[in-house]
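**Student:** The working numbering applies: residue 5 is where the sequence shown begins, and numbers increase by one.
Think of the CB as a built atom: it goes at the ideal place given N, C-alpha and C, for glycine as much as any other residue.
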Amino acid sequence: MDTSQYLSMFLEESMDNLQTLNEALLILEQEPENVDKLNEIFRVAHTIKGMAATMGFNRMAELTHKMEDVLSEFRNGVLKVTQEVVTVLFKCLDTLEQMVDNISNGDEQEIPVDDIMKRLDSISKLAEDGQDSEEKEAETTSALETVEAKDIQTSSLDKMKLNEYDVNVMKQAIEKNYNAFEIDINISKSTLLKSARAFLIFKSLEDCGEITKSIPGTEDLENENFEFEIQLVYLTQKSKEEIVKLLMDISEVESIDVKPVSVDELKSAAKKDTKPQASVSKPEEIKVAPVAKAKAEVETVKKAQTEKPAEAHKKVHQSVRVDLERLDKFLNMVSELVINRTRLEQISSSYKLTELNETIEQVARTTNDLQDLVMKIRMLPLDTVFNRFPRMVRDLSVELEKEMELIIEGQDTELDRTVIDEIGEPLIHLIRNSADHGIEKKDERIAKGKDPVGKIRLIAYQEGTKAVIKVQDDGAGINVPKVKAKAEKIGIATDGMNDSDIMNLIFAQGFSTNEVVTDISGRGVGMDVVKTKISALGGTVDVISEKDKGSTFIIKLPLTLQIITALLVKVGEENLAISLNYIDSVIDFKETDIKKTNNKEVIIYRGNVLPIIRVNEKLNLEKSSNEKVYIVVVKVGDKTAGLLVDSLQGQQDIVIKPLGKTLKQIQEYIGATILGDGLVTLILDVASLV
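#1: Given a threshold of 16 other Cβ atoms within 10 Å of its Cβ, counted over all protein chains shown, does Thr68 qualify as buried or as exposed?
#2: Under three-state DSSP, which class holds Ser259?
#3: Kindly indicate the opening and closing residues of the beta strand (DSSP E) around Lys445.
#4: When the distance is taken between beta carbons, is Thr216 closer than 9 Å to Leu239?
#5: Classify Gly468: buried if its beta carbon has 16 or more other beta carbons within 10 angstroms, exposed otherwise.
#6: Is DSSP giving Ser555 helix, strand or coil here?
#7: Going by the CB atoms, is the gap between Gln415 and Asp387 shorter than 9 Å?
#8: On the DSSP bridge list, what partners appear for Val637?
#9: Given 8 Å as the limit, is there contact between the stretch 396-404 and the stretch 375-382, that is, 3 or more CB pairs closer than that?
#10: Return the bridge partner residues of Pro394 from the DSSP annotation.
#11: Give the single residue among Asn624, Phe185 and Asn620 whose Cα lies nearest to the Cα of Tyr634.
#12: Give every residue of the same chain whose Cβ lies closer than 8 Å to the Cβ of Met19, excluding the five residues on either side of it in the sequence, and list them in chain order.
#13: Where does Lys279 land, buried or exposed, given buried means 16+ other C-beta within 10 angstroms?
#14: Is Val547 near Asn508, with beta carbons less than 9 Å apart?
#15: Rounded to whole angstroms, what is the Cα-Cα separation between Val292 and Asn181?
#16: Can we say the stretch 88-99 touches the stretch 117-132, given the rule of at least three CB pairs closer than 8 Å?
#17: If we ignore side chains and look at the alpha-carbon of each, how far apart do Ile687 and Ala581 end up?
#18: May I ask you to list the residues that DSSP assigns as paired with Leu688?
#19: What do you get for Thr99, buried or exposed, if any count of 16 or more other CB atoms within 10 angstroms of its CB means buried?
#20: How far does the alpha helix (DSSP H) with Val487 in it extend, from its first residue to its last?
#21: Assuming Phe511 and Val534 are in contact, meaning their beta carbons sit under 8 Å apart, how far apart are those beta carbons, in whole angstroms?
#22: Alpha carbons only, please: which of Ser259, Val457 and Ala177 is nearest the one belonging to Lys242?
#23: From the DSSP output, read off the bridge partner residues of Asn579.
#24: List the residues that DSSP assigns as beta-bridge partners of Val613.
#25: With a CB to CB cut of under 8 Å and the five nearest residues on each side skipped, what residues in its chain are close to Leu357?
#26: I'd like to know whether the C-beta of Leu67 is nearer than 9 Å to at least one C-beta of chain D.
#27: Could you pull the DSSP bridge partners for Pro220 from this structure?
#28: Should Arg395 be labelled buried (16 or more other beta-carbon atoms within 10 Å of its own) or exposed?
#29: Rank Phe390, Ile115, Val265 and Thr222 by C-alpha distance to the C-alpha of Val171 and give the top, closest one.
#30: Quick check on this structure: which residue in Lys551, Leu30, Leu652 and Lys193 has the alpha carbon closest to the alpha carbon of Val257?
#31: What are the residues that DSSP puts in a beta bridge with Glu403?
#32: Report yes or no: do the stretch 357-369 and the stretch 403-412 share at least 3 C-beta pairs separated by less than 8 Å?
#33: When DSSP builds the beta bridges, which residues end up paired with Met64?
#34: For Phe185, report the span of its alpha helix (DSSP H) as first-last.
#35: Measuring straight from C-alpha to C-alpha, what distance separates Met337 and Asp657?
#36: Do the stretch 431-447 and the stretch 460-477 touch if we need at least three Cβ pairs shorter than 8 Å?
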């Protein structure tokens with residue numbers, strides 16, 4: 005069977021399931037007696053195994069099966085949830101994630117799994133060795149019973165290839181007074197729509213029970229890739245006669261053979277499959293629940309439909325998965341529409357075509373609505389990035405032998421997908437930095453009168469047109485004299501710098517105060533990456549720190565990167581654009597107001613010293629002969645500066661176009677835009693200039 009059409013679904017669901025397992029294991033480590041969480045982990049692991057086996061990724065299925073063995077020992081109460089065992093399970097999840105990544109990237113390189121499988125095996129073996137003699141005797145008796153039952157005719161159960169999980173589910177269901185049946189259904193050979201008929205059969209059966217196995221499988225049934233026979237293993241509280249009547253009421257069903265399945269037959273089927281799974285100590289928690297649950301849900305739905313059919317209909321919500329390339333193409337088309345709208349407005353203004361004004365206003369309103377809509381569609385909650393960090397902090401806590409916890413706030417804050425894709429790496433560096441440099445060892449914290457458990461906070465919220473993300477820790481803070489000494493050692497002049505300026509030197513390339521290079525830090529590349537990435541996203545990053553109180557890294561990012569409102573200015577003969585997000589105000593410039601301090605030009609503005617940046621000198625442009633010039637006051641983080649420009653051209657919505665690979669290294673610009681008259685205008689990178 006060709007499974008390529010299901011690959012994208014497999015990849016998406018596998019990554020979601022692995023993330024669920026990561027989060028659930030973290031909770032289980034904190035709450036070892038949480039049976040519900042343990043059952044959830046077991047169900048999700050079984051889903052991953054089943055999906056991998058269906059897609060033909062046998063190595064992945066085999067590894068998940070080994071992990072299931074360990075999880076079943078947890079469920080049996082034979083194995084205790086300890087940090088060591090959970091660490092091995094996390095390693096297993098990391099390996100599975102690597103496998104999924106390789107499949108996604110089309111990389112056929114085989115991930116080595118022998119070591120992790122041996123470790124999982126040894127954990128299972130230790131658990132088995134730890135069982136008391138009474139349990140071992142029970143297992144031996146069970147094994148003997150299975151051998152005795154091997155000659156029993158199991159009809160089509162052998163062909164069904166039931167795995168140990170299916171067998172356990174059925175055994176527990178029978179013990180809970182459910183009936184297990186093998187059902188052989190023959191459809192009329194004159195049937196035109198076999199898959200539709202199969203759907204009706206499945207729907208009728210699932211309304212009052214659970215189908216645990218079918219031949220052919222679901223995909224084959226949907227694609228009509230089968231003859232006229234369907235074989236099922238079915239769990240229900242209905243009798244054989246009721247099942248026969250139910251199925252015979254469906255048209256084009258030619259014949260039905262319903263056979264009860266006994267516990268002995270199941271034991272025989274289990275023996276012919278792989279190593280039997282240990283029986284579960286709490287039968288009420290095994291997957292018999294879905295049968296009862298399905299029945300209850302059907303009753304609830306029927307009742308709701310009878311009582312309030314119209315209301316129930318209104319509550320149905322539907323969603324569609326959209327390929328990201330299509331979404332990007334949609335945004336580009338809206339961007340082109342914005343450019344052409346601006347062009348239409350300019351033509352109407354130039355030629356004084358008043359009869360066009362009303363239509364252009366309507367086009368402008370519609371374009372704005374469409375622009376807002378596409379931006380909202382592209383927005384994703386920060387939770388998609390933040391959900392990986394609790395596991396990371398847990399691993400760092402073990403590795404660094406420090407007690408710490410991560411507190412997350414504001415994970416519902418939404419950002420453009422482009423920003424979401426890029427923000428993960430800087431946050432990883434900042435959290436690792438807080439864990440390694442910030443949080444002290446337990447003894448040291450106790451000596452300082454602090455809580456023995458260090459706190460790292462990840463906070464996000466929206467502030468106007470920007471998103472603010474803070475990484476806070478209650479650790480030792482930044483050692484300013486140490487940073488200053490290191491800066492001077494590598495040739496950075498610190499004269500005239502205040503403590504805040506010195507702290508921000510940690511973002512310099514190659515700067516690290518760690519004398520020893522470890523796996524976590526010390527190479528001087530982490531903070532440089534943070535600054536570079538954030539600047540590339542049109543954002544800023546600053547640090548505030550207090551000795552023995554902790555440090556706070558503040559990241560400010562634009563909510564979207566594609567369409568912005570900008571002030572158009574002229575410098576020399578060149579038109580340039582400045583994002584309104586950075587602009588505080590515009591003031592007239594007078595040469596007589598210029599003062600000099602530390603060999604830099606400044607003016608006094610609102611009682612504060614405002615550094616002046618002559619944009620034409622920064623960009624090597626000719627000076628304009630204009631007598632009247634302006635200062636655009638811009639604010640980047642906690643820094644304010646004045647950009648000297650020759651004239652103001654007004655503000656408008658502009659579409660940011662990337663400069664391409666050739667001009668990628670130019671730091672003064674974040675991109676370019678096309679104005680209404682067709683001219684290409686460069687967009688200044690204010691953060692870089694300031």
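**Tutor:** Put simply:
#1: buried
#2: In this structure, Ser259 counts as strand in the three-state DSSP scheme.
#3: That residue, Lys445, is in no beta strand (DSSP E); it is neither H nor E in DSSP.
#4: yes
#5: Residue burial is scored here from C-beta neighbours: Gly468 has fewer than 16 other C-beta atoms within 10 angstroms and is therefore classed as exposed.
#6: strand
#7: yes
#8: Checking the DSSP bridge columns, you'll see Val637 partnered with Ser589 and Gly646.
#9: No, the stretch 396-404 is not in contact with the stretch 375-382.
#10: Per DSSP, none; premise fails for Pro394.
#11: Asn620
#12: Glu101 and Val104
#13: Any reading at Lys279 must be qualified, since the residue scores a pLDDT of 43, below 50, and its modelled position is unreliable; the value itself is stated next. Exposed is the call here.
#14: yes
#15: Any reading at Val292 must be qualified, since the residue scores a pLDDT of 36, below 50, and its modelled position is unreliable; the value itself is stated next. Going by the C-alpha atoms only, they are around 11 Å apart.
#16: yes
#17: 5 Å
#18: Tyr673
#19: buried
#20: Val484 to Lys493
#21: 7 Å
#22: Ala177
#23: BP columns for Asn579 point to Lys574.
#24: Ile608
#25: The beta carbon of Leu357 is closer than 8 Å to those of Ile351 in its chain, skipping five residues each way along the sequence.
#26: This model lacks chain D altogether, as it is built from one protein chain only.
#27: Answer is none; Pro220 lacks a bridge partner.
#28: buried
#29: Val265
#30: Lys193
#31: Glu403 is not bridged to any residue.
#32: no
#33: Listed as beta-bridge partners of Met64 by DSSP are no residues whatsoever.
#34: No alpha helix (DSSP H) holds Phe185; the beta strand (DSSP E) holding it covers Asn183 to Ile191.
#35: 15 Å
#36: yes
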